[in-house]
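Shown next, in structure tokens, is the structure this report addresses.
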Amino acid sequence: MTRRISTTIVPYARQYTQFLAPDVEIGHLASYFSQTEANVDSYTLEVAIPVKLNKYVGDINIESGDRLLIFLGQPTHGNLPPPLREGDKILRFRSQSGDISLHSQGKHELIVGIPDRDHQFIPDVDLRYFIPHHYLEFISPRVLNLQFDPNTEQWVANRAGETKVRIHQLDLMNEQYPLQGQQVIQFYADNDQAFNQVLGQITIEVETVHSESDWAQIESGNEQTTICIGLENDKQLLNVSDNIRITQIINGLARHNRLMLGDYIQAYIMRLIAPDQSLAVLERYPNSFLYVPTIDTYAPNVLRLTDVHDKSRIYTLYVGQNDEEKSLGFHLGQENIPLDVDLSSAFMRQGHDPRLFDTDSPYQAQLLYRADENSWWVHLDADACMPVFLNNERLTLNPMPLKVDDVISLGPSINNYYVRLVVSVRDS
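Throughout, the working numbering is defined as the position within the sequence shown, counted from one, plus 51.
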């Protein structure tokens, strides 16, 4: 038997161990971490179930919607910041387009930058969310230090690396710069000849907490709970035979992604948890923990697909600095199947129930982003149950390039279609 498994490599992770009240719900815990971690935004968590590396795929209980994550480093231990109180001052970070918003929560010291090449350093505010990937080579791992002075109750910024920083036309050197209200911070290459080339910018705004009730708090108790936050590489969908061992999958992924494997390798099956489930009734597994990934919508080349019959229905895909593959299709009554573009509601709106189609696979097409070309491509999925057309041409397994105003149609023919989408592409 062959299975389609969503796999992801986690080069870096940070974990927290807290004693919580048993009635704390998973969704509330996810909201709390979405506020305490600038790079987390989630409505629920996953449970990480350890998998022995010598196990065969067929011997593992992999349910629909599960993911296989490969950790390449032992998670570091962190301490959660104190809860926010009325009157506290926090920082909010916004992208130039306004698509991305992060905040500092209760932390009093932040590092702004990008992960180093070995992912041994992860900044509190990751500039990959704000700076296009083709400029990241000019960004040093540490760019800005942001500190809150409890005596003056003021946030200050100072330059931390070689990347040049400008705040309100002032070139920031080693001195501390007080942050008040709203500040626009621009980043430049550390090459004098390229100093006038803006690599990217963020807006930092100092906000005052007006009410503690606006922020999620978690109640302490006797339920020992470990929560891990992971920095994930791109998702890769694999068709895997049941008689393949987990070690073979890991070695194949390492070769494909040109990764050096170290001494620490651990595999986990990630399974979504219902957000209204409490810790008291959560099914526990030996050596398991709760897990949430960091946001992966880095400063993007953005692909938008708009339903021609409902212009308010827009499917937006973000990609970062690497090649990526996104799935397009519809659910078959199993809502936890991972789909990047889920057309189920669009099918239903046109009077077609995808659950009645003669297929076991939800996948109809794959959308490819090629980073070296900064371009999007599309091809038919190998398990597609219906024709898919790009403009007037029927898709095959061979990728075809996408451009602005292209039309993707799913259905028996170009004129007799179930869903039709218009393509728009934005390079940030």
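The C-beta atom is built at its ideal place from N, Cα and C for all residues, glycine as well.
Values in this document were obtained by computation on a predicted structure and should not be read as measured data.
query: When the Cα of Gln328 is compared with those of Gln69, Met52 and Pro73, which residue comes out closest?
result: Taking only the C-alpha atoms, the option nearest Gln328 is Pro73.
- request: Could you please give the first and the last residue of the uninterrupted beta strand (DSSP E) stretch that includes His430?
  value: For His430, the enclosing beta strand (DSSP E) stretches over residues Ser426 to Leu431.
query: The alpha helix (DSSP H) spanning Asn449 covers which residue range?
result: Under the DSSP assignment, Asn449 falls outside any alpha helix (DSSP H); it carries neither an H nor an E label.
field: the region 127-144 contacting the region 74-82, beta-carbon criterion three pairs below 8 Å
entry: Contact between the region 127-144 and the region 74-82 is absent: fewer than three C-beta pairs spanning the two stretches fall below 8 Å.
task: Step through the CB atoms of chain D and report whether any lies within less than 8 Å of the CB of Leu312.
output: In the structure shown, chain D cannot be found, because there is only a single protein chain.
message: Let me make sure I understand the geometry here. Which of Asp358, Asp391, Ser363 and Ala433 has the alpha-carbon closest to that of Ile459?
response: Residue Asp358 is the option with its Cα nearest to Ile459.
message: Can you find the residues in the same chain that come closer than 8 Å, C-beta to C-beta, to Asp456, ignoring five residues on each side of it along the sequence?
response: For Asp456, where only same-chain residues beyond five positions count, the Cβ hits under 8 Å are Val473, Val474 and Ser475.
- prompt: Is it true that the CB of Ser146 sits closer than 8 Å to the CB of Ile253?
  reply: Yes, Cβ-Cβ distance for Ile253 and Ser146 is below 8 Å.
task: Give the straight-line distance between the Cα atoms of Leu288 and Asp117, rounded to the nearest whole angstrom.
output: One C-alpha to the other measures close to 12 Å.
message: If the criterion is Cβ atoms closer than 8 Å, does the pair Leu304 and Ile121 meet it?
response: A distance below 8 Å separates the beta carbons of Leu304 and Ile121.
task: Using three-state DSSP, classify Ala397 as helix, strand or coil.
output: In this structure, Ala397 counts as helix in the three-state DSSP scheme.
task: Count the other C-beta atoms from every protein chain shown that fall within 10 angstroms of the C-beta of Pro344, then say buried if there are 16 or more, exposed otherwise.
output: The residue in question, Pro344, is buried, as its Cβ has 16 or more Cβ neighbours within 10 Å.
task: Quick one: residues in its chain with C-beta nearer than 7 Å to the C-beta of Asn449, no 5 flanking neighbours on either side, listed in chain order?
output: The residues are His430.
field: For Ser262 and Ala422, the rounded distance between their alpha carbons
entry: Each residue's CA atom was taken as its position, placing Ala422 and Ser262 some 44 Å apart.
Separation of Glu444 from Lys454, as counted between CA atoms: About 14 Å.
- prompt: Applying the criterion that 16 or more other CB atoms from any shown protein chain within 10 Å of the CB defines a buried residue, is Arg168 buried or exposed?
  reply: Exposed is the call here.
message: For Ala245, count the other beta carbons within 10 Å of its own beta carbon; 16 or more makes it buried, fewer makes it exposed. Which is it?
response: Because the pLDDT of Ala245 is 47, which lies under 50, any placement of that residue in the model is unreliable, and the question is left without a value.
task: Just tell me which of Phe189, Leu407 and Gln299 has its CA closest to the CA of Lys106.
output: Selected option, being the one with the closest Cα: Gln299.
- prompt: What residues in its chain sit with their C-beta under 7 Å from that of Tyr469, if we drop five residues either side in the sequence?
  reply: Phe398, Gln401, His403, Leu461 and Gly462.
query: Would a C-beta distance cut-off of 8 Å place Ile60 and Asn373 closer than the cut-off?
result: No, the Cβ-Cβ distance between Ile60 and Asn373 is not below 8 Å.
task: State buried or exposed for Val439, treating a residue as buried only when at least 16 other CB atoms are found within 10 Å of its CB.
output: Under this definition Val439 is a buried residue.
task: Note down the Cα distance separating Glu226 from Arg210, rounded to an integer number of angstroms.
output: In this structure, the alpha-carbon of Glu226 lies about 8 Å from that of Arg210.
query: From this set, Leu282, Thr68 and Ile165, which residue's C-alpha is nearest Glu274's C-alpha?
result: If we check each option's Cα against that of Glu274, Thr68 comes out closest.
Limits of the unbroken beta strand (DSSP E) element including Asn196: Start and end: Arg193 to Asp200.
field: Three-state secondary structure assigned by DSSP to Tyr67
entry: If DSSP states are grouped into helix, strand and coil, Tyr67 belongs with the strands.
message: Please give me, in chain order, every unbroken run of the beta strand (DSSP E) with length at least 3 that falls completely inside the region 216-243.
response: 221-223, 228-230 and 233-239, all fully within the region 216-243.
query: Would you report the Cα separation of Val194 and Phe381, rounded to the nearest angstrom?
result: Taking the CA atoms as reference points, Val194 sits about 43 Å from Phe381.
query: To the nearest angstrom, how far is it from the Cα of Phe340 to the Cα of Pro452?
result: Between Phe340 and Pro452, the C-alpha separation is close to 42 Å.
field: Endpoints, alpha helix (DSSP H) assigned at Thr298
entry: If you look at Thr298, you'll find it in the alpha helix (DSSP H) that goes Ile297 to Asn308.
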